[in-house]
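Asker: Chain order of the listed sequences is A and B. What the first sequence shows, in numbering that gives the first Met the number 0, is residues 0 to 244, in sequence order. What the second sequence shows, in numbering that gives the first Met the number 0, is residues 0 to 321, in sequence order. Don't be surprised by glycine CBs; every beta carbon is placed ideally from N, CA and C. These figures come from a predicted structure and were not determined experimentally.
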Amino acid sequence: MKILVCISNVPDTTTKITFTPDGKSFNTAGVQFVINPYDEYALTRAIELKEAQGGTVTVLNVGEADTEPNIRKALAIGADDAIRVNIKPTDAFLVAQQIAHYAKEGGYDLILMGRESIDYNGFQVHGMVGELMGIPTIAPAMKLDVNGSTATLEREIEGGKEIIEVALPLVASAQQPMSEPRIPNMRGIMTARTKPLQVVEPVGQEAKTSVQKYELPPAKSGVKMIPAENAGELIKLLRNEAKVL
Amino acid sequence: MSVLVVIECANGEVKKSSLEAASYGSKVAADLGTTATAVAIGDVQPDALKGLGEQGITKVLLDNDKRLHDFVGAAYVKVIAKAAEQENSSVIVLSNSNIGAAIGSRLAVKLIASLATNVVSLPQINGSTFTVRRGVFSGKAFSEVELTSDKKIIAVKKNALEFDTTAGATATVENFSADLSDADFVAAPKETIKQSGDILLTEAEVVVSGGRGLKGPENWHLIEELAKTLGAATACSKPVADVGWRPHHEHVGQTGITVSPNLYIAVGISGAIQHLAGVNSSKVIVVINKDPEAPFFKAADYGIVGDALEIVPKLIEAAKAL
Ligand SMILES: Cc1cc2nc3c(=O)[nH]c(=O)nc-3n(C[C@H](O)[C@H](O)[C@H](O)COP(=O)(O)OP(=O)(O)OC[C@H]3O[C@@H](n4cnc5c(N)ncnc54)[C@H](O)[C@@H]3O)c2cc1C
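1. Please check the pair asparagine 60/A and serine 7/A, which I expect to be a contact at CB under 8 angstroms, by giving their CB distance rounded to whole angstroms.
2. Let me make sure I understand the geometry here. Which of Ile225/A, Asn146/A, Val198/A has the alpha-carbon closest to that of lysine 49/A?
3. Check whether the segment 44–56 of chain B touches the segment 127–147 of chain B, taking contact to mean three or more Cβ pairs, one atom from each stretch, closer than 8 angstroms.
4. If you reduce the DSSP assignment to three classes, tell me which class arginine 154/A lands in.
5. Rounded to the nearest angstrom, how far is the Cβ of proline 260/B from that of valine 206/B, given a contact under 8 angstroms?
6. Mark threonine 254/B as exposed unless 16 or more other C-beta atoms lie within 10 angstroms of its C-beta, in which case mark it buried.
7. Valine 285/B: which of Asn229/A, Asn239/A, Ile225/A sits nearest, CA to CA?
8. Which residue's Cα is closest to the Cα of alanine 166/B: Ser22/B, Asn95/B, Arg211/B?
9. Look up leucine 51/B in the DSSP assignment and give the residues it is bridged to.
10. Starting from the C-beta of tyrosine 248/A, find all residues in its chain whose C-beta is less than 8 angstroms away, skip the five residues before and the five after it, and write them out in chain order.
11. What three-state label does DSSP hand serine 172/A in the structure shown?
12. Below 7 angstroms between beta carbons is the criterion; list the residues of the segment 121–140 of chain B that meet it against any residue of chain A, in chain order.
13. Can you pull out the residues from the segment 270–284 of chain B whose beta carbon lies closer than 7 angstroms to at least one beta carbon of chain A?
14. Once you ignore the five residues that flank serine 116/A on each side, which residues in its own chain have a CB closer than 7 angstroms to its CB?
15. List the residues of chain A that phenylalanine 70/B touches, going by C-beta distances under 9 angstroms, in chain order.
16. Quick one: give me the first and last residue of the alpha helix (DSSP H) that leucine 106/B is part of.
17. Where do the ends of the alpha helix (DSSP H) carrying serine 25/B lie?
18. Could you say which of Glu292/B, Glu249/B, Asn117/B, Ala231/B lies nearest to valine 131/B if we only look at CA atoms?
19. Helix, strand or coil for arginine 245/B? Go by DSSP, reduced to three states.
20. Ignore the nearest five residues each way along the sequence and tell me which others in valine 243/A's own chain have a CB closer than 7 angstroms to its CB.
21. With respect to the alpha helix (DSSP H) encompassing alanine 140/B, which residues constitute its N-terminal and C-terminal limits?
22. Round the Cβ separation of isoleucine 79/B and leucine 114/B to the nearest angstrom and send it over; I've been treating them as touching at under 8 angstroms.
23. So which residues put a beta carbon under 5 angstroms from any heavy atom of ligand 2, going in chain order?
24. Using DSSP bridges, identify the partner residues of glycine 159/A.
25. Counting only the same chain and skipping the five closest in sequence on each side, list residues whose C-beta sits under 6 angstroms from that of glutamate 323/B.
26. Taking only the alpha-carbon atoms, compute the straight-line gap between proline 135/A and aspartate 290/B and give it to the nearest angstrom.
27. Enumerate, from N- to C-terminal direction, the unbroken beta strand (DSSP E) stretches of 3 or more residues contained entirely within the segment 268–294 of chain B.
28. So for threonine 149/A, helix, strand or coil by DSSP?
29. Would DSSP call aspartate 42/B helix, strand or coil?
30. Phenylalanine 319/B: buried (16+ other C-beta within 10 angstroms of its C-beta) or exposed?
31. Could you have a look at glutamine 197/A and say whether DSSP puts it in helix, strand or coil?
32. Which chain A residues are close to leucine 314/B, counting only those with a beta carbon under 8 angstroms from its beta carbon?
33. How would you list, in chain order, the residues of chain B whose beta-carbon sits under 9 angstroms from the beta-carbon of histidine 125/A?
34. DSSP state of phenylalanine 32/A, grouped into three classes?
35. Check the DSSP bridge columns for histidine 220/B and list the partner residues they point to.
36. So the candidates are Ser208/B, Val242/B, Glu224/B; which of them puts its Cα closest to the Cα of isoleucine 287/B?
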């Protein structure tokens, strides 16, 4: 089985978000970048499937050279090889276009990624890749199993879940509890250095959206404390003052 | 030119998030000097759709194909694309639900449209520029995004905007068919399992959420009873789901579900940045924690310092007395 896992490079989850004074871009100074947490679920599940059933796992990142440490990390966790499409990812369509192109070329059975990135929160790339390739997309998937040429997935729906059985190839986007992300071990880190990381050029650069500016939400006006002895007062305040009950 | 609103339905009814999308779509239509039509998919009674008139919808196209009662991405996209073509729609409005986002992304490619998800404002339309505000960085910031294609798709975040109604207005309902074939249903669900509990987390106006401060699953009856008394849904922090005290679909935060209810009550939750990311767009946040230094108090509107096991019973009692 040939699996492609798409990973994005995002600010560490504890990052305090700030923007340049003109509000035009995210301030990356001093920020540590990690593999998008949702993508880690996809990556680990891909590696588990490979370990159980054989095959290969290729990771793909659409990004400039500064994302390579996280691509190497994915290799250290257990992917076999990697592709980096050398372009700054400014829009979901632009990213999906690159992924769909290289996914078609590689003839993958499964294309996995996270449900959304924790920076731009688009929740878009998986569906776009599926449509560009003319194959089903299951998003978001909480479980994924493969038996021969058929995949069984659990998809989260509002108010429950669906069990779906569908023939490969397909695109699925991962969310918890699809897998338990792994930390790379020393041997993984050593072998990752020698695994192939191919840098390829983008195919077209068409974006359909453009960010004009960023803003932080207004600061909270402060918390109103209620003494523990009068805890019941809270309920009255929520009804009469905040008007939310 | 027209505005098309996608209406999700279940159990014979229109989902509340779709009423918000309808209200949003009608306002956009008014700004553009046109009307808003809806396309309804799923399990719904035609009578329930007439009520969309109250949200400003004039006409509803209803696809009655029973195979659409379960969500199937490819089939839904085909129905909406055909409706958009028939109505010559330049703007399509969806809810920012799992279904909405899954449809939006496929539709954007099919219709060669710009897509914005997680939208929290009406569009600013200025000559040929069309800009919306959306949540980014897991609720820690907003961006203003210009949609540059002729066609635009907007997925509206729940509870982000005021929602108007015109009592008594009714929409006309027309049957609609997209001539679906078996090939559109290859990824149809084999089985659908409904979550237990009466109130859906993603649709709830009030959410009562518990963290590790509850000490163990044996104390969860407190969270459940407070939620029941307030007509709320229950949620939890990530470690609580990871150790199995609660099911994963209740885990809220950066890697869990994002909620934006009117009221979020956090009990025994520290307020780690990853938890806040999924809940900080709630209108009012209440924090109960025995540690006065817990970071959650900085994000809270109301707070009580104290032991959850003592405070929550008092809240239940006060709520029952309302
Ligand atoms: C990549 C990544 C993603 C993550 N995603 C999420 C996410 O989506 N959602 C999420 O929730 N977390 C997430 N986390 C975890 C997050 O960082 C915190 O570890 C988690 O939110 C802590 O949960 P907690 O507050 O329930 O537990 P704790 O940190 O253990 O805090 C318990 C709190 O309860 C209080 N307490 C203890 N006893 C009592 C009592 N008797 N009465 C009242 N208060 C009491 C304590 O003072 C403390 O503040 C993520 C972490 C990472 C690294």
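Answerer: By the coordinates alone:
1. Residue 60/A sits at position 61 when you count from the first residue of the first sequence. Residue 7/A sits at position 8 when you count from the first residue of the first sequence. The pair is a contact, with the Cβ atoms about 7 angstroms apart (cut-off 8 angstroms).
2. Here the question's residue 49/A lines up with position 50 in the first sequence. Nearest of Ile225/A, Asn146/A, Val198/A to lysine 49/A, Cα basis: Asn146/A.
3. no
4. Position 155 of the first sequence holds residue 154/A. Three-state result, arginine 154/A: strand.
5. Looking up residue 260/B in the second sequence gives position 261. Looking up residue 206/B in the second sequence gives position 207. Rounded, the Cβ-Cβ distance is 5 angstroms, consistent with contact.
6. Counting from one through the second sequence, the residue named residue 254/B turns up at place 255. Result: buried.
7. To locate residue 285/B, count along the second sequence from 1; it is residue 286. For valine 285/B, the nearest C-alpha among the options comes from Ile225/A.
8. Stepping through the second sequence from its first residue, residue 166/B is reached at position 167. The residue from Ser22/B, Asn95/B, Arg211/B with its alpha-carbon nearest to that of alanine 166/B is Ser22/B.
9. For the purposes of this step, residue 51/B is identified with residue 52 of the second sequence, where counting begins at 1. Partner(s): none; leucine 51/B has no beta bridge.
10. Outside the modelled stretch of chain A, which goes from 0 to 244, sits residue 248/A, for which no answer is possible.
11. Here the question's residue 172/A lines up with position 173 in the first sequence. Three-state DSSP puts serine 172/A in a strand.
12. Thr130, Gly134, Val135, Phe136, Ser137, Lys139, Ala140
13. Ile272, Gln273, Lys282, Val283
14. Looking up residue 116/A in the first sequence gives position 117. Closer than 7 angstroms at the Cβ level, and outside the excluded window around serine 116/A, lie Ser7, Val9, Asn35.
15. Within the second sequence, residue 70/B is the residue found at index 71, counting from 1. Result: Arg154, Ile156, Glu161.
16. Residue mapping note: residue 106/B aligns to position 107 of the second sequence, counting from 1. Per DSSP, leucine 106/B belongs to the alpha helix (DSSP H) from 97–109.
17. Working through the second sequence from its first residue, we reach residue 25/B at position 26. Serine 25/B -> alpha helix (DSSP H) spans 15–31.
18. Here residue 131/B is taken as the residue at index 132 of the second sequence, counted from 1. Per the Cα distances, Asn117/B.
19. Mapped onto the second sequence, residue 245/B falls at position 246. Coil.
20. Within the first sequence, residue 243/A is the residue found at index 244, counting from 1. Hits under 7 angstroms: Leu237.
21. For this step, residue 140/B is matched to residue 141 along the second sequence. Unbroken run through alanine 140/B is the beta strand (DSSP E), 140–146; no alpha helix (DSSP H).
22. Your numbering for residue 79/B matches position 80 in the second sequence. Your numbering for residue 114/B matches position 115 in the second sequence. Not really, about 13 angstroms apart at Cβ, beyond 8 angstroms.
23. Questions concerning ligand 2 fall outside what the structure shown contains, since the ligands it does hold are ligand 1.
24. As a working mapping, residue 159/A is identified with position 160 in the first sequence. Beta-bridge pairing links glycine 159/A to Ile156/A, Lys193/B.
25. The structure shown does not extend to residue 323/B, since chain B spans only 0 to 321, so no value can be given for it.
26. In the first sequence, the residue the question calls residue 135/A occupies position 136. In the second sequence, the residue the question calls residue 290/B occupies position 291. When the Cα atoms are used, proline 135/A and aspartate 290/B turn out to be separated by approximately 48 angstroms.
27. 283–288
28. Working through the first sequence from its first residue, we reach residue 149/A at position 150. Three-state DSSP puts threonine 149/A in a strand.
29. Residue mapping note: residue 42/B aligns to position 43 of the second sequence, counting from 1. Strand, per DSSP.
30. By 1-based counting over the second sequence, the position of residue 319/B is 320. Residue identity check: residue 319/B is lysine in the sequence provided, not phenylalanine. It counts as exposed.
31. Taking the first residue of the first sequence as 1, we reach residue 197/A at position 198. Correct three-state label for glutamine 197/A: strand.
32. As a position in the second sequence, residue 314/B is number 315, starting the count at 1. The contacting residues are Ala230, Gly231, Leu233, Ile234.
33. For the purposes of this step, residue 125/A is taken as the residue at position 126 of the first sequence. In chain order: Ala101, Ser104.
34. As a first step, residue 32/A is located in the first sequence; it is residue number 33 there, counting from the start. Looking at phenylalanine 32/A - three-state DSSP - the assignment turns out to be strand.
35. If you number the second sequence from 1, residue 220/B lands on position 221. BP columns for histidine 220/B are empty, so no partner.
36. Looking up residue 287/B in the second sequence gives position 288. Nearest C-alpha to isoleucine 287/B: Ser208/B.
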